[in-house]
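So in the numbering used here, spot 31 of the sequence shown is number 67, and the numbers just go up one at a time.
From the three backbone atoms N, C-alpha and C, an ideal C-beta is built for every residue, glycine too.
A quick note: this is a predicted structure, and the numbers were derived from the prediction, not measured.
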Amino acid sequence: MTTKRLSLTTRDEVEAVASPVRMEIIRHLQSHGRCTVGELASLMRRSADSLYYHVRRLAEAGVLERVGSRPAGRREEAVLALSADGLTFAVEEAAGAGAEAAIRTTRDILREAEHNLRRAVERDPAGAHAKDMPVVARLRSRLDEAGRAEVRAHLDAISEIFIARKGDAAGTLHELTMLLVPLDEAGPGADRRARPTC
């Protein structure tokens, strides 16, 4: 199965998703597939009028596309879909305010991941269904160019599994949030102990 990926690299593209409302639109389209603005409004418990600006911004950035229309009363309403199966943004390429937008968007994504983790744990506080409990991992390693390429290839393979199975109605909806970031050993939170020489 060939999947289409969209990488947001310009400042305008990154800023287009740097909004909690627009991130919510993306999330609903990832979970529910194609929707009209009216259907999105119902899912989001908002008015359709409050979403048109956000939908337009996402379409201008190439994140959303019109894939058809459906009757809505006496008129036709556009059916919208994500333009790609996977969406990433490259912070290093979106300099200046674009980088700030990427950081804000990442903060919102991580905050939502925290809420999702909390809900999952609260559903089963005793851990009776351990196989269904969330998996949380945080790893650090020194990676050279070959190591980074290998990690990215594995992350791409994991993404492909999610994309291939997103239409599986029999499965339980899962979310995977990934962040691969180079660290500055002299920066905040860094381990300032000297590296061993042996």
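| Query | Result |
| --- | --- |
| Ignore the nearest five residues each way along the sequence and tell me which others in Ala-54's own chain have a CB closer than 6 Å to its CB. | Ala-137, Arg-140, Thr-141 |
| What are the start and end residues of the alpha helix (DSSP H) that includes Leu-219? | That residue, Leu-219, is in no alpha helix (DSSP H); it is neither H nor E in DSSP. |
| Within a Cβ cutoff of 6 Å, which residues of the same chain sit near Leu-118, ignoring the five residues on either side of it in sequence? | Leu-65 |
| Would you mind sorting Ser-49 into buried or exposed? The rule is 16 or more other CB atoms within 10 Å of its CB. | It is Glu, not Ser, that sits at residue 49 in the sequence shown. Buried, since its Cβ has 16 or more Cβ neighbours within 10 Å. |
| Rounded to the nearest angstrom, what separates Leu-153 and Arg-63 at their Cα positions? | 16 Å |
| At 3 residues or longer, and completely inside the region 87-140: list those beta strand (DSSP E) runs for me, N to C. | 100-108, 111-118, 122-125 |
| Nearest by alpha-carbon distance to Leu-191: which of Ser-83, Thr-124, Pro-170 is it? | Thr-124 |
| Determine the direct distance from the alpha carbon of Arg-155 to that of Ile-145, and round the result to whole angstroms. | 15 Å |
| So the candidates are Glu-96, Val-73, Arg-82; which of them puts its Cα closest to the Cα of Gly-104? | Val-73 |
| Since I believe Arg-41 is in contact with Asp-121 (beta carbons under 8 Å), could you give me their beta-carbon distance rounded to a whole number of angstroms? | 7 Å |
| Name, in chain order, the residues that DSSP records as bridge partners for Arg-41. | Gly-122 |
| With H, G and I counted as helix, E and B as strand and the rest as coil, what does DSSP make of Thr-72? | strand |
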